[in-house]
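Numbering (full-length UniProt numbering), first residue to last: 1 to 266.
Using N, Cα and C, we set each Cβ at its ideal position, and we do this for glycine too.
This one's a predicted model, so the numbers in the text were calculated from it and none came from an experiment.
Structure below.
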């Protein structure tokens, strides 16, 4: 049995961030990705709480967090930093999905010794080629507008996302720039890193662009491992929603990461 979750709020940069904490054992901070909330990750959170003292939260404009006047990479990074700071001096295992993985890498690089290790789920990938080119912008704009309509159905629920289609597009373009230099951030981290990646990040369509995106995703991890050979990698036969569709497998891999670190110290 896990301990009952407690809930509290962190106030940062004019934003109110709801935080949930429950479980027992090593502290773990779970950072959701773009368009993902604590409510979406309930299965993974419940599984992780069997082995960890899990802290999770909603990024600004997501779930139960308040809206903000800016949705930039640095703003989201500040949200993560505020939550970790609220924990005090215990160095947590930092687990992030998608955008959350990129935030985790940048936080760990900027705060040496502040985390025990990183588990990065389908994000923070130093892909060799950008995903969003000028030719892709019309498709990305259409996807952003379609997402906007879908998100309206979740309004006023724990699953809601308040970002506009333009916010989504601007942030994806910013993430492209961030990832172009992320290898430098990896060089600044001296903690264990485990990548859990999807084999079909862009989906399972047979069209040439989707196949290329999936190949580019794998090439990015191959590039990372060449540069940082001690980075562990696991691949799941899934798409980018693996934190929802493959929660038991991810929880097991996170548990295995903790076990491996314990053996390394023996």
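If you draw a straight line from the alpha carbon of residue i to that of residue j, how long is it in whole angstroms?
i, j, result
"residue 267", "residue 208", "There is no way to answer for residue 267, as the model of the chain reaches only from 1 to 266."
"residue 169", "residue 142", "10 Å"
"residue 39", "residue 104", "20 Å"
"residue 69", "residue 154", "21 Å"
"residue 123", "residue 102", "6 Å"
"residue 181", "residue 214", "20 Å"
"residue 47", "residue 247", "8 Å"
"residue 115", "residue 92", "5 Å"
"residue 190", "residue 184", "13 Å"
"residue 238", "residue 132", "22 Å"
"residue 186", "residue 129", "18 Å"
"residue 43", "residue 258", "19 Å"
"residue 8", "residue 86", "10 Å"
Only counting the same chain, and skipping five residues up and downstream in sequence, which positions put a Cβ closer than 7 Å to that of residue i?
i, result
"residue 125", "179, 217, 220, 221"
"residue 188", "109"
"residue 64", "18, 58, 158"
"residue 12", "78, 79, 82"
"residue 231", "193, 195, 224, 225"
"residue 249", "236"
"residue 265", "Note that residue 265 scores 45 on pLDDT, short of 50, meaning its location in the model is unreliable and no value can be drawn from it."
"residue 267", "The question about residue 267 has no answer here: the residues shown for the chain are numbered 1 through 266."
Would you please state the rounded distance, in angstroms, between the beta carbons of residue i and residue j? I believe it to be under 8 Å.
i, j, result
"residue 96", "residue 31", "4 Å"
"residue 118", "residue 108", "6 Å"
"residue 135", "residue 165", "That pair is no contact at about 19 Å."
"residue 201", "residue 255", "Not really, about 24 Å apart at Cβ, beyond 8 Å."
"residue 73", "residue 174", "5 Å"
Per DSSP, which residues does residue i bridge with? Please list them.
i, result
"residue 232", "194"
"residue 76", "Beta-bridge pairing links residue 76 to no other residue."
"residue 16", "11"
"residue 314", "For the chain, the structure presents residues 1 to 266; residue 314 sits outside this window and is missing."
"residue 6", "21"
"residue 97", "121"
"residue 161", "62"
Quick check on residue i - is its C-beta less than 7 Å from some C-beta in chain B?
i, result
"residue 116", "No chain B appears in the structure shown, which is made up of a single protein chain."
Among the residues of its own chain, which have a CB less than 6 Å from the CB of residue i, if the five just before and after it don't count?
i, result
"residue 253", "196, 234"
"residue 66", "15, 16"
"residue 100", "31, 32, 33"
"residue 151", "161"
"residue 55", "21, 29"
How is residue i classed by DSSP in three states: helix, strand or coil?
i, result
"residue 112", "coil"
"residue 131", "coil"
"residue 62", "strand"
"residue 107", "helix"
"residue 139", "helix"
"residue 219", "helix"
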